[in-house]
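*Asks:* Let me give you the structure first, and then I'll get to my questions.
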Amino acid sequence: MTKIKIISNPFHKSIVFQKQQPITEVWEEITFESNPNSRLVRENIQKGVLSFHIQEIVDILVAEYDDGTGIDLLFEGNSDEFQELKTFVQSLNNSSISLKKSAYSLTNARDILPEVLSIFDKTQVILPEELEHDAAIQKFQDATKPQIPLLVLGNYSAGKSTFINSLVGYELLPASDQPTTAKIIQIEKFAEKWIEIEGTLLRNKVCIRIDEDGFEVEGDRIDETIIKDLESIRQSLPQTTPQILARAVLAYLNAREDSDLNIITVKTAFTDSPLSKSSHRYIIFDTPGSNSSTNMEHLQLLREAMAGMSNGLPIFISEYTSLDTVDNDKLYQELEQIDGIDLRYTILVVNKADTAALSTFQDHQVLNQALPRKLSTKRVYFLSSLMGLGSKTSGLFQEPDYERVYQKSLAEFTDASNPYYQQLYTYNILPTQQKLAQELQSKEERNLLYANSGLYSLESEIEVFSTKYAAYNKCVQADQYLQHIISQTQSIIEDSKKTIEQEKDRLEKKLEKDKLALVNDLKRQQADFFNSSSTVYQQNLNEKVRDEKHYAPLQLFIKERDSLWSKAVDDFQLKSYQKEMAESPKKALNNIKNSLGKAWDKKNIEILGSAFVNGFNDTGKVFSKVDDYNKMKTKAKGQVRDQLITFARFEYIKQVEEVGKDFTTLSIHYWKEQTGLIKDRFSQLIGDASVLSDQKRAAIKEIIFQFQQPVLYHDSKQLFDQKSLVEGFRLGDIQIFGDANKIDLQKLEKRYNSLLKTAYKHINEQLISHHQATFYKWVEALLHLVTENIVEFSPDLHSTNLLIQDNRVKIEELSTNLQNLHEYSKDLHDLMAWKDDEEVANGY
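Every letter in the sequence shown is one number past the one before it in this note's numbering, and letter 640, counting from 1, is 1029.
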């Protein structure tokens, strides 16, 4: 038999395959170099979750490595994965595959997690104070918390809101096929009886607490209109329970357009289910619909909402008929970039499955459609969220349509004798060993509707993920956290040692370096001030550039065009030409009628012929009048075109001059303020310099305050070349396509404002070049003068000695803590390390 070894390490997200050489009995790894054509070396398998790929792996082993004598399979890993592998192999009833468990094994993460968290808690006690606000440590601390984010994705028409409501257990989210805002709804499992809704309203964080007695709003500053709105909502409800009121309040907040109300957090208890009984704190995110115009805004908000979280479980919602669509591609790519989400565990939910045509259902047909292929998932759950929700609400709904559909379908899910009896969980596409276990659990569930709707099996799988799979991430995060603390603590110790050596050296050189130290302080203050003042200055100028009042609205050009056209109509007598053109056909027709009448009356052929000739000539005159009108109209439009461009150029020049003066005034005012601030900062440093005598400090401070102000140009014409700005007025092609004499006003407005923006940026560049540069030179001159007036001084050695002593105590304490951290790290590694399993059973 061909001997194959599977080495699975979920801590490292790796699956390795080895084949034993028949003669040497040496195990050699199956790699791309040694076997490039093997499907075992594909990344989705080697970095995948073994439980989800067991069937695929076994199929590959049989197809590629069975030489007719069978496969002798040896497994190295944890007991959970071995049991799943064992269950699958047994289900095959294939004597050509034998399975054994290696004596070399890993412990399940869920079994060691309590000890890992205990080690983690010990490190908190000895965390150096320098690391208390370390962002990376905060992230690791958050990752070890029991929270599990559930990210619900997919089209809104697929029933996302109903699905989320079914997880919570009541109608919290209003039913909608389309998103109403770009807000993220974050629903946290809550242990209390009341409900809390949090958000930022009118720039103030508020918490709305809802219970049997009504609601209460908490916050630093609460707008009275909000309380009045909420009270009006409460009174308008036909009946009031905390759940009904929470739904109405959430709809109210979701409809608000507050710029800061991006994330709404709801804390509420979940109804009796595996999720409500779990020790994990589930957080459901209503993430963007792939058919929503705001989905990218949603994703940015999702990144903010998930900051510090890990173990996120993506759940894609789709209808059966939408599985072959590709509108989720962009959404999926964006999700890959969010920390805390492991897409290997993605679950695909086929919602509204009770209305799908499943009579010809085939697993491979579903998995070969666009969405399952993109998700690379082997886990597809069939579900009726509405019926699942009804199993938790006893068929009571706020949405009238829900109750109608529920009552209509109830017998199909609860009456086994019904010809249309539905057990949606039987359609689930799962690894064989998991499907067998879940079907058995669903059949044993007492609430028939809950089980047959498919909701029970899905919620059970979410709990399995949280308990079994998410634990690996928490263990790895704890190890990374510990290594980070060790590294940072070591750095702090080294820095403290360097400080001691530097301070000892400084004792000997203090007298010579005191003067330089004070000057360096002034220089650092100068550099910091330059950086901050320059940033704020450019922000102020950029805000001016973006100010809409400095640009022309479309209506300006529409009004001018209409005025110019009225004048052109008079200038070119278009009304007169139009009247002649309109009357010409009537005259020609009357002449023809009269000529033909005379010819008929006199029965004269010559007169008849003459009538036709005259009629032809009159017709020519008609076309001539039309041509005359069109020529004059073209001239009129050309005049309007030229005058409108001239108007735009005049407005452009006027606007650039006005804005140039405005920007210059702002710039001068800003730098005058900065001269006072930098004088204050230099004066403060001198005043605090104990190394200088009182008399010297006072003298230098006087020098600073008496230093002359910088000279900044007030005339904007000195700052930028107006001629070059005017010459830069090039509108380009702004004519309407096919008519060179008619201007497209929208193109004109867009190009005009674009030229203004370019001009404003040029003005700003010149202001920076002149005013900012002048100010910098002025500060350099002031610093030079101050430096020249600083004299020699004597140091106070006492403070230096205290600093050395404090650092020695600090090093001793940190060194002890570092030793403990290394011991904790060893304990943690031992928990996640390979071990010899004394209880291994050879075979079954």
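Beta carbons are placed, not taken as given, at the ideal position from N, Cα and C, and that holds for glycine.
The structure presented is a predicted model; accordingly, all values stated were derived computationally and were not measured.
#1: Taking the alpha carbon of A745 as the reference point, which residue from T856, S711, K656 and I449 has its own alpha carbon closest?
#2: Report the three-state DSSP secondary structure of S662 (helix, strand or coil).
#3: Tell me the DSSP secondary structure of S621 in three-state form.
#4: Could you give the DSSP three-state label for N1178: helix, strand or coil?
#5: Give the DSSP-derived three-state secondary structure of F477 in the structure shown.
#6: Could you check the C-alpha separation between E1154 and L591 for me, to the nearest Å?
#7: Classify Q751 as helix, strand or coil using the three-state DSSP reduction.
#8: Identify, in the order they occur along the chain, each residue of the same chain with its Cβ nearer than 6 Å to the Cβ of Q827, setting aside the five sequence neighbours on each side.
#9: Could you pull out every residue in the same chain whose Cβ sits closer than 6 Å to the Cβ of Y493, ignoring the five residues on either side in sequence?
#10: Check whether the region 1171 to 1178 and the region 933 to 949 are in contact - that is, three or more C-beta pairs closer than 8 Å.
#11: Between Q751, T458 and V505, which has its C-alpha nearest S379's C-alpha?
#12: Out of curiosity, what's the CA-to-CA distance linking A800 and N807?
#13: So, under 8 Å CB-CB, P663 and E473 are touching, yes? Tell me the CB distance rounded to an integer number of Å.
#14: H522: buried (16+ other C-beta within 10 angstroms of its C-beta) or exposed?
#15: Could you tell me if T657 is buried or exposed, where buried requires 16 or more neighbouring beta carbons within 10 angstroms of its beta carbon?
#16: Quick check on V514: buried or exposed, where buried means 16 or more other Cβ atoms within 10 Å of its Cβ?
#17: Does DSSP put K1139 in a helix, a strand or coil?
#18: Is the distance from the Cβ of Y770 to the Cβ of G843 below 8 Å?
#19: Compute the distance between the beta-carbons of R636 and T856, then report whether it is under 8 Å.
#20: E519 CB to nearest chain B CB: under 8 Å?
#21: Kindly confirm or deny that the region 1132 to 1152 and the region 1074 to 1085 touch, where touching means at least three C-beta pairs closer than 8 Å.
#22: Which residue comes first and which comes last in the alpha helix (DSSP H) that contains Q789?
#23: If you draw a straight line from the C-alpha of M970 to the C-alpha of K1136, how long is it?
#24: Can you tell me whether DSSP reads S494 as helix, strand or coil?
#25: With which residues is D675 paired in a DSSP beta bridge?
#26: Tell me, to the nearest whole angstrom, how far the beta carbon of L1210 is from that of I882; I am working on the premise that it is less than 8 Å.
#27: Can you give the Cα-Cα distance for S665 and I446, rounded to whole angstroms?
#28: Whole angstroms is fine: what's the gap from Q1095's alpha carbon to R950's?
#29: Inspect the beta-carbon positions of V405 and E418 and report whether they are closer than 8 Å.
#30: In chain order, what residues of the same chain have a beta carbon less than 6 Å from the beta carbon of A525, not counting five sequence neighbours either side?
#31: Report buried or exposed for S876, applying the criterion of at least 16 other Cβ atoms within 10 angstroms of its Cβ.
#32: Tell me whether N544 is buried or exposed, calling it buried when 16 or more other Cβ atoms sit within 10 Å of its Cβ.
#33: Mind checking N426: buried by the 16 CB within 10 Å criterion, or exposed?
#34: Check Y454 in the structure and name its three-state DSSP category.
#35: Does the count of Cβ pairs from the region 609 to 629 and the region 542 to 562 closer than 8 Å reach three?
#36: With a CB to CB cut of under 6 Å and the five nearest residues on each side skipped, what residues in its chain are close to S1183?
*Replies:* This is what the structure holds:
#1: S711
#2: coil
#3: helix
#4: coil
#5: helix
#6: 37 Å
#7: coil
#8: S846
#9: E465 and W1223
#10: no
#11: Nothing can be reported for residue 379, as the shown portion of the chain is limited to 390 through 1233.
#12: 7 Å
#13: The Cβ separation is near 19 Å, so there is no contact.
#14: exposed
#15: buried
#16: exposed
#17: helix
#18: yes
#19: no
#20: Judged by its chain identifiers, the structure shown contains no chain B, having just a single protein chain.
#21: no
#22: One point to set straight first is that residue 789 is Pro, not Gln, in the sequence displayed. Element bounds for P789: P789 to T803.
#23: 33 Å
#24: strand
#25: V541 and I574
#26: The pair is not a contact, with the Cβ atoms about 11 Å apart (cut-off 8 Å).
#27: 35 Å
#28: 58 Å
#29: yes
#30: H873
#31: exposed
#32: buried
#33: exposed
#34: helix
#35: no
#36: Note that S1183 has pLDDT 39, beneath the 50 cutoff, so the model's placement of it is unreliable and no number is given.
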